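What follows is one structure encoded as structure tokens, with my remarks underneath.
Residue numbers (our numbering), protein chains in the order written: chain F, 2 to 79; chain C, 220 to 584.
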């Protein structure tokens, strides 16, 4: 029920946006995220963007995990 | 898809699993509150990858599952009223109430329509100005702001045939009820990602500070969940209890303030009836007086009849994590997704439906 999927904003018109979800285009509401702009990824839940995805944090999480993996590999080699 | 595929990388997953296995020495019974997490954990076989110290328990975070029969009966009675169009999310249709389901009353001629969004429900109201259109509002803090937005939109446009039957629920009070019951031995809480996208991580602080239980907000991809488990195990090993976020791309500590403002502009907090938990104070949302005209409970005269519960169904115990689906004598025999007895077998994120589809991850599977 609380499913939300990433969607890329292609165009914005007032509090409505057209988004791309893996090739599917949909019109969605920006009532809950009026700050969202073209090029942002949003978390889409039942036709509403509930948050703008923080791309910097997304990369940071992956970087942390990669560091973790590198540290584990180094430990194994020792 | 971006922000999905990267979080399914098996090399990184193996590294995190290795860390969890090396790091976990103490008992770690972790509850994933959210049904979406239960499905992801079972679908990706995460339980089987964890060391014996770490045990995952499914919590009550499936809005369809926790909707009590007394509330389902109200929706069914409303749908039966002449001229009413009842709109709701697809999962609600097959859930059995005391005597019937929305699907059954639809087969008998009631106008029950599945919608993807409240935006669609509003459109049904615009298209049918002479008929009352009721949206059956089920869902947590993720969904309630979208329903609030639809009420505000209806109010602005003067759509006076749109009504909401609100069974919306708030998650933190349910966790408090579970912890206060003392029935479940818990060392960590996997906090719901998209509920927290709206409410932030702050509302979980009481779990860490008052109950001494570590909390980590998780996303829904396998790497998100593994990272969350690793963070919980790490806190448990150090004897700490804090609230952390393992889903930083989607959740900020302060949540989505605009969504919360809209939600509380339209709704106010009230007690709510939870399947399995009973009445939980401060855990429901009802329409404020200013929006009484949109409140389906006030707009219609209907009789839901006396509430009945199916014999042998232990959905209530399963939702409190006191029992597992495999403990139920009906599971997989009398109760299946094609012919469900209890709601946990109906909802796509119910524990029973997920265990039926993916197995429960117990040894030997």
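Backbone N, C-alpha and C define an ideal beta-carbon position, used for all residues, glycine too. None of the values given here were measured: they were computed from a predicted structure.
CB-CB under 8 Å to residue i, same chain, minus the five flanking residues each way: which ones, in chain order?
i             : result
residue 260/C : 251, 266, 275, 444, 580
residue 226/C : 438, 440, 441, 442, 443
residue 17/F  : 28, 29, 30, 31
residue 292/C : 316, 317, 318, 523, 524, 526
residue 541/C : 402, 403
residue 11/F  : 18, 19, 20, 21, 26, 39
residue 456/C : 242, 243, 244, 245
Among the residues of its own chain, which have a CB less than 7 Å from the CB of residue i, if the five just before and after it don't count?
i             : result
residue 548/C : 531
residue 511/C : 517
residue 469/C : 412, 416, 438
residue 519/C : 297, 300
residue 582/C : Only weak support is given to the placement of residue 582/C: the predicted model assigns it a pLDDT of 48, under 50, and the value that follows is read from those uncertain coordinates. Contacts found: none.
Which two residues bound the contiguous alpha helix (DSSP H) that contains residue i?
i             : result
residue 22/F  : Here residue 22/F belongs to no alpha helix (DSSP H); instead the beta strand (DSSP E) covers 17 to 22.
residue 70/F  : 56 to 78
residue 482/C : 476 to 485
residue 257/C : 254 to 262
residue 27/F  : That residue, residue 27/F, is in no alpha helix (DSSP H); its beta strand (DSSP E) goes 25 to 30.
residue 268/C : 265 to 268
Any idea what DSSP makes of residue i, helix, strand or coil?
i             : result
residue 379/C : coil
residue 319/C : coil
residue 370/C : helix
residue 2/F   : coil
residue 550/C : strand
residue 568/C : coil
residue 403/C : coil
residue 577/C : helix
residue 354/C : strand
residue 341/C : helix
residue 51/F  : strand
residue 349/C : coil
residue 472/C : coil
What residues are listed by DSSP as bridge partners for residue i?
i             : result
residue 563/C : Residue 563/C is not bridged to any residue.
residue 659/C : This structure cannot speak to residue 659/C, because chain C is shown only from 220 to 584.
residue 7/F   : 44/F
residue 12/F  : 19/F
residue 390/C : Per DSSP, none; premise fails for residue 390/C.
residue 558/C : 555/C
residue 520/C : Residue 520/C pairs with nothing; no bridge assigned.
Just reading off the beta strand (DSSP E) that residue i is part of, what are its end residues?
i             : result
residue 228/C : First-last for residue 228/C: undefined, no H or E at that position.
residue 506/C : 497 to 506
residue 536/C : Taken as a continuous stretch (DSSP letters only), residue 536/C belongs to no beta strand (DSSP E), being part of the alpha helix (DSSP H) at 534 to 538.
residue 332/C : 330 to 333
Only counting the same chain, and skipping five residues up and downstream in sequence, which positions put a Cβ closer than 6 Å to that of residue i?
i             : result
residue 391/C : 422
residue 209/C : With chain C covering 220 to 584 only, the question about residue 209/C has no answer from this structure.
residue 365/C : 337
residue 280/C : 252, 253, 254, 411
residue 454/C : 433
residue 463/C : 435, 450
residue 570/C : 257, 277, 537, 544, 563
Interface residues of chain B around residue i at Cβ under 8 Å?
i             : result
residue 222/C : The structure shown contains no chain B; the protein chains it does contain are F and C.
In chain order, each beta strand (DSSP E) run of at least 3 residues that lies wholly inside the region 414 to 464 of chain C: 434 to 436, 462 to 464
Contiguous beta strand (DSSP E) assignments of at least 3 residues, all confined to the region 280 to 321 of chain C: 304 to 307
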